[in-house]
Structure formats: C-alpha cells, structure tokens
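Trainee: Provided herewith is a single structure, encoded as structure tokens, for subsequent inquiry.
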Amino acid sequence: MLQVRASPTFLPSTSSSSPSSAQAPTPSASFGRGSHRRGWLVSFAAAASPHRGAARRPVMAAAGAAKLEDADALIDSVETFIFDCDGVIWKGDKLIDGVPETLDLLRSKGKRLVFVTNNSTKSRKQYGKKFETLGLSVDEEEIFASSFAAAAYLQSIDFPKDKKVYVIGEEGILKELELAGFQYLGGPTDGDKKIELKPGFYMEHDKDVGAVVVGFDRYFNYYKVQYGTLCIRENPGCLFIATNRDAVTHLTDAQEWAGGGSMVGAILGSTKQEPLVVGKPSTFMMDYLAKKFGITTSQICMVGDRLDTDILFGQNGGCKTLLVLSGVTSLQTLQSPDNSIQPDFYTNKISDFLTLKAATV
Numbered sequence: 015m016l017q018v019r020a021s022p023t024f025l026p027s028t029s030s031s032s033p034s035s036a037q038a039p040t041p042s043a044s045f046g047r048g049s050h051r052r053g054w055l056v057s058f059a060a061a062a063s064p065h066r067g068a069a070r071r072p073v074m075a076a077a078g079a080a081k082l083e084d085a086d087a088l089i090d091s092v093e094t095f096i097f098d099c100d101g102v103i104w105k106g107d108k109l110i111d112g113v114p115e116t117l118d119l120l121r122s123k124g125k126r127l128v129f130v131t132n133n134s135t136k137s138r139k140q141y142g143k144k145f146e147t148l149g150l151s152v153d154e155e156e157i158f159a160s161s162f163a164a165a166a167y168l169q170s171i172d173f174p175k176d177k178k179v180y181v182i183g184e185e186g187i188l189k190e191l192e193l194a195g196f197q198y199l200g201g202p203t204d205g206d207k208k209i210e211l212k213p214g215f216y217m218e219h220d221k222d223v224g225a226v227v228v229g230f231d232r233y234f235n236y237y238k239v240q241y242g243t244l245c246i247r248e249n250p251g252c253l254f255i256a257t258n259r260d261a262v263t264h265l266t267d268a269q270e271w272a273g274g275g276s277m278v279g280a281i282l283g284s285t286k287q288e289p290l291v292v293g294k295p296s297t298f299m300m301d302y303l304a305k306k307f308g309i310t311t312s313q314i315c316m317v318g319d320r321l322d323t324d325i326l327f328g329q330n331g332g333c334k335t336l337l338v339l340s341g342v343t344s345l346q347t348l349q350s351p352d353n354s355i356q357p358d359f360y361t362n363k364i365s366d367f368l369t370l371k372a373a374t375v
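So in the working numbering, the last one in the sequence shown is 375, and the numbering has no gaps at all.
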C-alpha cells in the first residue's frame, strides 16, 4: 500500500511504473561519500525515506470518488485551491473554456489560488507571461513550476555553491538555478553536441558537478545521457534530481506527447539509481507552499487531471482532491478496477463550479 509522510519534507516519486521498488537514498548514496561527506546529506537521506513517519490514509475509498454535485459546499470548505495547469487551465497554448470566469468566482469568494505545474520548460516569470498571454491575471508568487522546485530544493539542503549542476532540460531550469545563485552547465546548448565514437575515445566530464537535474527536454540526445550518467556514476555523491516523471505532456491540444518521465527513465536506466523527484506527487512543493503561505493542508483542495501526480500529490499532503476530466484521465480510467487512486470528487472541468453553483441556487 502507498504510504505518505507524517513529517518528512520529501518523498521519492510514487508515479513510476513500479512504485514499490523505489528505494530511498542512503547517506552513502548521497552527495558526499568519503572525504566529501557533508552534514546536510544525513538529514536529507532521513527526510527522503518513504518508510518514515505514520502511514497516510488509504488512497482507495470504499465507494470510489464522488461526482461533484454541490460546488458551493466544496468551495466553502477550504481556503486555498491549488490548480495543475496542463489539462486543467489550458491544453498546449489554448485556454480551456470557462477558466477565467471560474477563477474570478473563487477570488470573489476570498479564496487563495495557487498554480502548480510539473512542466519545467519555463521559469515562474515565463509562466507568468503565459498566463498573461491567455488573458489571466496571475501573480508570479502564485505560480510554482517544477523548475523552481528544483532550485528551491537545492537551497533547502544547502547545496554547496562551489559545486555545479548539470541540467538535462530547458531554459526554465537554467533561469531558476541562476536566480538561486547556483552554477550550472548543460541545458539546450548541449542539444547540438555529438559524440564521435572511435577506438579509444574517452569522454571527459566536470568533476565538480554535484547534482544532475533532469526535466522535460526537446533537445535530448545521447551526449546528454552519457554526460549525466558519468556525473552520477563517477562524481562522489552526485544527486540525481528529477523535476517529474510524467509519462505524457500536452505540447499541443491535438494529442498527448512523451513527457519528462521518458528523459528521466533514460538516466535511471543507465545509472540504476532512482531519482529524487521534486515535482508532484512528491510532498516537497506542498510543504513549501504550506510554509510560505501559512496554510493548513486540510484547508486546501488540489485540482488536477492526473491521478498518479495531481491527486496523489494532494492526498500525500492531506488535502481535499478534485479530479477534472478535461486532461489526461478519463472517467473509464478513474472507475477502472485497476485504479487504486481515488480523489474525493471528480467533475468534467473546473468551470463546472459555475454550472453546479447555478443549479443549486
């Protein structure tokens, strides 16, 4: 059975194909083997263990998820709504119908709105511009992307500033690392690099890399796989951090596209090391948000379109959960006997808040 922390601030991903097989890192597997050991590693390894703390509530409700019938009751029961973005607010670059009016309704009722996305291709500032382009008024402080989470996580463990971060990902991660004051290399500029395999060829890598951050990367190639693999396998204690392990993403509204999990899977395959996931469903961002805004998690409703990231993220944090069917998950998938993750409620899309409200007046 999946379990959640009572107090640890970080959990390895539970969204991989074999969640029970993921092992928490030990101090010897973390940054700092031998003479490089640093004190923050011990506390990090303890926080990362999925076996510490009390067991969370089962994710499988006896009667399954309830269809949302009384939107006002749900709205009145919480102070904060956390929204996933892809499949909930937009698909690709197209806004989902009724979103502006729904957000206006919630703000008029005094609700705090937070937007959390596993997509690491943009920084918070860049996401702010996307919201603006779509006609939505959202402050940068209300946006939390997994690119930001990667930098915030490194800050939270006092990652040494004399160490570097190798990035397999896009501009969003680079911008957030730069804002946090970390040295980095890699990213889109390595997308054009090739390896000329010939007898005796030996690929060099930077021995000062202390973390490899992997996110969605449209410039992914064999050079990046090999470079990241060398850093993780040969640099003492180098961390393997994933922004997410999402199987698919919405690059356009026409179809699903292979997600960041495919890039993470390649590095996992070559290193045989489980990544430390800072995006959903890890509790890192939830704990960060609760502390930043002073929110009690029981006063939060997590709204998303994915069971194994959004809904599990909310359940891991002790929040109410609402699944919308406007993205990845279908009603058939939700109600399948094979699905063990059940939200508190489900509905077609977030604008149902408007329709259901009107129906109950």
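Every residue gets a Cβ at the ideal spot worked out from N, C-alpha and C, and that includes glycine.
1) Nearest CA to the CA of G283: which residue from F254, G331, A159?
2) Just to check my reading of the structure: V92 and I314 have Cβ atoms closer than 8 Å, yes? What is that Cβ distance to the nearest angstrom?
3) Apply the 10 Å Cβ neighbour rule to R121 and answer buried if 16 or more other Cβ atoms are within range, or exposed otherwise.
4) What alpha helix (DSSP H) runs, 4 residues minimum, are completely inside the region 137-204?
5) If you follow the alpha helix (DSSP H) that M277 is part of, which residue opens it and which one closes it?
6) Assign Y360 to buried or exposed, taking buried as 16 or more other Cβ atoms, counted over all protein chains shown, within 10 Å of its Cβ.
7) Compare the C-beta of T347 against all C-beta atoms of chain B and say whether one is closer than 8 Å.
8) If you draw a straight line from the C-alpha of T203 to the C-alpha of W271, how long is it?
9) Comparing alpha-carbon positions, which option in T323, G331, G200, E288 lies nearest T297?
10) In the DSSP output, what is I255 paired with across the bridge?
11) Flag this pair as yes or no: are the beta carbons of S134 and S161 separated by less than 8 Å?
12) Please report how far the alpha carbon of A36 lies from the alpha carbon of Q287, in whole angstroms.
13) Could you give the first and the last residue of the continuous beta strand (DSSP E) run that contains V130?
14) Can you name the residues that DSSP bridges to L336?
15) Who are W263's beta bridge partners in DSSP?
16) Which same chain residues end up closer than 8 Å to S365 when comparing Cβ atoms and leaving out the 5 residues on each side of it in sequence?
17) Under three-state DSSP, which class holds I209?
18) Can you check whether the CB of K294 is closer than 8 Å to the CB of N249?
19) Quick check on I209: buried or exposed, where buried means 16 or more other Cβ atoms within 10 Å of its Cβ?
20) Rounded to whole angstroms, what's the CA-CA distance from D220 to Y241? Just pull it up for me.
21) For L150 and G251, what's the separation of their Cα atoms in angstroms?
22) Starting from I96, trace the beta strand (DSSP E) both ways and give me its first and last residue.
23) If we count the other Cβ atoms within 10 Å of its Cβ and call it buried at 16 or more, is A268 buried or exposed?
24) So if DSSP puts D118 in a beta bridge, which residue, or which two residues, is it bridged to?
25) Taking A79 as the reference, which of E146, L321, T310 has the closest Cα?
Mentor: On the basis of the supplied data:
1) With distances taken between Cα atoms, G283 lies closest to F254.
2) 6 Å
3) exposed
4) 138-147, 160-170, 185-194
5) 274-285
6) Y360 counts as buried, since at least 16 other C-beta atoms from the protein chains shown sit within 10 angstroms of its C-beta.
7) Checking the listed chains, one finds no chain B in this structure; it contains a single protein chain.
8) 23 Å
9) G331
10) V227, L290
11) Here S134 is near S161, since their CB atoms are less than 8 Å apart.
12) The predicted position of A36 is uncertain, since its pLDDT is 36 and thus under 50; a value taken from the coordinates is nonetheless stated next. Cα-Cα distance, rounded: 9 Å.
13) 126-131
14) V317, F359
15) Just to set this straight, residue 263 is Thr in the shown sequence, not Trp. For T263, which the question treats as bridged, DSSP gives the partners W271.
16) I110, D111, G112, V113, E115, T116
17) coil
18) no
19) exposed
20) Approximately 9 Å, taken between the alpha carbons.
21) 43 Å
22) 94-97
23) Counting the other Cβ atoms within 10 Å of the Cβ of A268 gives fewer than 16, which makes it exposed.
24) Paired residues: none, contrary to the question.
25) L321
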